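Numbering (the numbering used here), first residue to last: 1 to 675. So the structure is just underneath, and the comments pick up after that.
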Amino acid sequence: MARMRVAVDVGGTFTDVCILDEDTGEIRIEKTPSTPDDPMRAIMTGVGDANVMLADVTMFSHGTTVATNALITRKLPRTAMVCTEGFRDVVEIRRSNKEDLWDTYKDVTKPYIPRRDRLTVKERIDAAGKVLTELDEQEARKVAVILKKRDVKAIAVCFINSYVNGQNEKRMKEILKEVMPDVHISISCQIMPEIFEHERFSTTMVNAVVSPVVVDYVSRLSDKLSDGGYSRDLLLLHSGGGVMTPASVKDFAARLAGSGIAAGAIASRFIGNLCGYENSIGFDMGGTSTDVSLAYQGESTVTKDWCIEFGYPIRFPSIEVLTIGAGGGSLAWKDEGGSLRNGPQSAGANPGPACYANGNEVATNSDANVVLGRLGTSLAGGDIKLEPKLAEQSVRDTVAEPFGMELHAAAEAIIEVANANMANAVRLLSIARGYDPRDFALVAFGGAGGLHGAAVAKELSIPVVIVPPNPGVTSAMGCLLVDIQHDFSDSFMADAETTKPENLETAFKKIEMEAVERLRHEGVEPKNTVLQRTIEMMYQGQWRSLAVPAPASITSTSDLIEGFHNQHEREYNFRREDSPVSIFRVSVKATGVVPKVELPSFEVVHYAPIPFDRRDVWFENKPYKTDVYSRRDFKAGARFVGPAIVEQVDSTVLIPPNWIGTVDQYMNITIRLED
């Protein structure tokens, strides 16, 4: 019987299915148009088209955009919030900041829960955790009855200082459950037990509003897979770069808000490490957007400072991914100042670029690439036919005539603006954070990453570009490379110099017990459980902290302090040895190790492949006779000199003039400038 692992990544344009045969290491791919109204339809269609027998599947992993899309579109069930009396407006006051500091007319979007559904009860706990006022249970029951009459589907309970003592929140949850046993309830002391009430309230609010949507979707998909013969847990990729089971989704639904973009970051890190580059930049360019991620010394950079909509932070740890509106379907347009722009508006999956012949007449990046000869006359193995004349007409009408340019010059201008936008995104995640792009490899994937990777690398002096064997489904493959993972944290505010190591050990042991129990509940055996500690620290007087790795047994704080100084110097380019250091939080990453994918390796035999076609491709406003290769004909060791085009079912790779392409033992194409 065949044993297979299946990974599914749902994108804005296509849903990608990646199938790994555990016995042979063979990877198969399937692409199908996404169905935004119900992503599950595209998933099951893709699985069916790939002839996957669910009874033979040993792992089904899924990166989903359901939570993200629900928050963006605000198609959310009615949700309520119960707060300490006097604190119902914390999520509306926020930090009193704005996304655009200079735009006095642009307001921050309203909270996900309107004020009329934010109710209060009498209770109070002080900053030390002492109960000053017990929960008024009579008032709490009245609130529960009101919310039942309003037919709310979820409730967020957010009390002041509950991060140090959550007993009042827990009692409020019990009362709500007595009145409304089927309602999803999120309490802040469980969701985010940390200081800073806005961030805690906001994270709990987001968790509450997406819970009904996500839990319903996950339940339906699990049932559908089970009906088809799949007998194990559905694994869902979360923002932190691990997977969680449906059992954990019920409590921590907001962790899936960054699910869709994390898979690509995981895959690019894996491929970079596989090729010998511990420092790598992920460049995932699809049909609608480009996601940029960074791995340093073999580990993805992680942030807690992220959100779907500005003003409403989600403080769960997340792989840091910067997304911009630049994809194959991004529209070219002329701004009020007469300058050429590119994106973030997109033609999307429907109608798509003009060359799709579905009614769009505005030029996109794909249309420009068709005009320049960089794309052929079909995509997705011939399933999508491209019309060069429609592409030319769109470029002519959108850019060439309005700007008084020749057709090919206009097409190159569209691509150059898109490349500049994407290079700026890479700068924000690298140079702006203290990393030198010249020390990194660029892992280019997604349907359009291989077309633009070399140009972006040249702009930033990145020495090598790596294009994986199946660029268009690399994000889906990332879902095969992850472990079950959860993040736990607790506030621990103290002076680092005077803190006793045994007190830190006690704090860590407390959350490690919770972490082990969570993994046990998900079926992870003790031998597959890995716990990693970090301590968040800051110079006294600061309010932003840095995470420093902590040993499994803490006997002294001096090494931790030195680690913080080093981390601060790398991040901000200075250190203050004479300034006292404060401890802010203790955290544990709990990992349930899942057996990893082992990609097949092939013997490298150097040779020059034979092109199957030759056509004119435009570079710097002049045509070059360019060899066109089929990637399925490549063997490890193939070497070819640009200009060259490599076509495959899910992507196209462009090797510009003066660049050299080679195929390594893992069938990745590496592209470098000629010496």
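Even glycine gets a Cβ: it sits at the ideal position worked out from N, Cα and C. Just so you know, these numbers come straight off a predicted model, no measurement behind them.
Item checked: Option in Val604, Asp436, Met513 and Ser582 with minimal Cα separation from Arg570 -> It is Asp436 whose Cα lies nearest to the Cα of Arg570.
Next item on the list: Compare the beta carbon distance of Val482 and Gly242 with 7 Å and say whether it is the shorter of the two.
Entry: Contact flag set, yes.
Check: Can you tell me whether Arg631 is buried or exposed, with buried defined as 16 or more other CB within 10 angstroms of its CB?
Finding: Arg631 should be labelled buried.
Notebook entry, point to check: By how many angstroms is the C-alpha of Arg374 removed from the C-alpha of Leu71?
Noted result: If you take the alpha carbons of Leu71 and Arg374, they lie about 37 Å apart.
Notebook entry, point to check: Skipping 5 residues on each side, what residues in its chain have a beta carbon closer than 6 Å to that of Glu22?
Noted result: The beta carbon of Glu22 is closer than 6 Å to those of Arg3 in its chain, skipping five residues each way along the sequence.
Next item on the list: Counting only the same chain and skipping the five closest in sequence on each side, list residues whose C-beta sits under 6 Å from that of Gly446.
Entry: The residues Asp284, Met285 and Gly286, in chain order, have a CB closer than 6 Å to that of Gly446 in the same chain once the five nearest residues on each side in sequence are set aside.
Check: If you draw a straight line from the alpha carbon of Asp397 to that of Leu372, how long is it in whole angstroms?
Finding: Cα to Cα, Asp397 sits roughly 16 Å from Leu372.
Next item on the list: Compute the Euclidean distance between the alpha carbons of Gly11 and Gln648, then round it to the nearest angstrom.
Entry: Between the alpha carbons of Gly11 and Gln648 lies a distance of about 19 Å.
Item checked: Bridge-paired residues (DSSP) for Val581 -> Under DSSP, Val581 shares a beta bridge with Tyr539.
Checklist line | Start and end residues, alpha helix (DSSP H) containing Ser330 | finding: Not the alpha helix (DSSP H): Ser330 falls in the beta strand (DSSP E), residues Ser330 to Lys334.
Next item on the list: Report the rounded CA-to-CA distance for Asn51 versus Ile384, giving the unit in angstroms.
Entry: Asn51 and Ile384 have their C-alpha atoms some 21 Å from each other.
Next item on the list: Could you please give the first and the last residue of the uninterrupted beta strand (DSSP E) stretch that includes Arg615?
Entry: Segment Asp613 to Phe619, the beta strand (DSSP E) holding Arg615.
Check: Can you tell which of Leu221, Leu135 and Gln393 has its C-alpha closest to the C-alpha of Val157?
Finding: Scanning Leu221, Leu135 and Gln393 for the CA closest to the CA of Val157 turns up Leu135.
Checklist line | Where Leu451 sits in the DSSP three-state scheme | finding: Shown here, Leu451 sits in a helix according to DSSP, grouped into three states.
Item checked: Identified DSSP bridge partners for Gln648 -> Ser651, per the DSSP bridge assignment.
Note to self: Give me, in chain order, the residues of the same chain whose beta-carbon lies closer than 8 Å to that of Glu199; leave out the 5 immediate sequence neighbours on both sides.
What the structure shows: If we look at Glu199 and ignore the five residues flanking it on each side, its Cβ neighbours are Met192, Pro313 and Arg315.
Checklist line | Cα-Cα separation, Ile610 to Thr662 | finding: The C-alpha of Thr662 is placed about 14 Å away from the C-alpha of Ile610.
Notebook entry, point to check: Within 10 angstroms of its Cβ, does Ala208 collect 16 or more other Cβ (buried), or is it exposed?
Noted result: In this structure Ala208 is buried. Its beta-carbon is surrounded by 16 or more other beta-carbon atoms within 10 angstroms.
Next item on the list: Output the boundary residues of the alpha helix (DSSP H) element that contains Leu699.
Entry: The first residue shown for the chain is 1 and the last is 675, placing residue 699 beyond what the model contains.
Next item on the list: Would you list the one or two residues that DSSP bridges to Cys83?
Entry: According to DSSP, which records beta bridges pairwise, Cys83 is partnered with Thr120 and Cys158.
Next item on the list: Check Phe283 in the structure and name its three-state DSSP category.
Entry: Collapsing the DSSP output to three states places Phe283 in a strand.
Notebook entry, point to check: Residue range of the beta strand (DSSP E) that Gln485 falls in?
Noted result: Per DSSP, Gln485 belongs to the beta strand (DSSP E) from Ile484 to Asp495.
Next item on the list: Can you tell me which of the three DSSP states Ile19 falls into?
Entry: Ile19: strand per DSSP, three-state reduction.
Note to self: Quick test of your reading: Ile655 and Ile671, contact by CB under 8 Å. State the CB separation rounded to the nearest angstrom.
What the structure shows: Right, their Cβ atoms sit about 6 Å apart.
Next item on the list: Can you have a look at Ile155 and say buried or exposed, based on whether 16 or more other CB atoms are within 10 angstroms of its CB?
Entry: Its Cβ being crowded by 16 or more others within 10 Å, Ile155 is buried.
Check: Is the beta carbon of Ile583 less than 7 Å from the beta carbon of Ala448?
Finding: Not closer than 7 Å, so no.
Item checked: Bounding residues of the alpha helix (DSSP H) (the contiguous stretch that carries Gly46) -> Pro39 to Asp49 is the extent of the alpha helix (DSSP H) around Gly46.
Margin query: Report the start-end ranges of each alpha helix (DSSP H) in the stretch 347-394 that is 4 residues or longer and not cut off at the edges.
Written below: Correct list: 365-371.
Next item on the list: Give the DSSP-derived three-state secondary structure of Pro313 in the structure shown.
Entry: Pro313: strand per DSSP, three-state reduction.
Check: Taking only beta-carbon atoms, is Asp627 less than 7 Å away from chain B?
Finding: The structure shown contains no chain B; it is built from a single protein chain.
Notebook entry, point to check: If you draw a straight line from the alpha carbon of Tyr356 to that of Ser394, how long is it in whole angstroms?
Noted result: Looking at the two C-alpha atoms, the distance is approximately 12 Å.
Next item on the list: In the DSSP assignment, find the unbroken beta strand (DSSP E) run with Phe640 in it and report its ends.
Entry: Counting along the chain, the beta strand (DSSP E) containing Phe640 begins and ends at Arg639 to Val641.
Note to self: Would Ser293 and Ala254 be called neighbours here (beta carbons separated by less than 7 Å)?
What the structure shows: In this structure, Ser293 sits away from Ala254, with a CB-CB distance that is not shorter than 7 Å.
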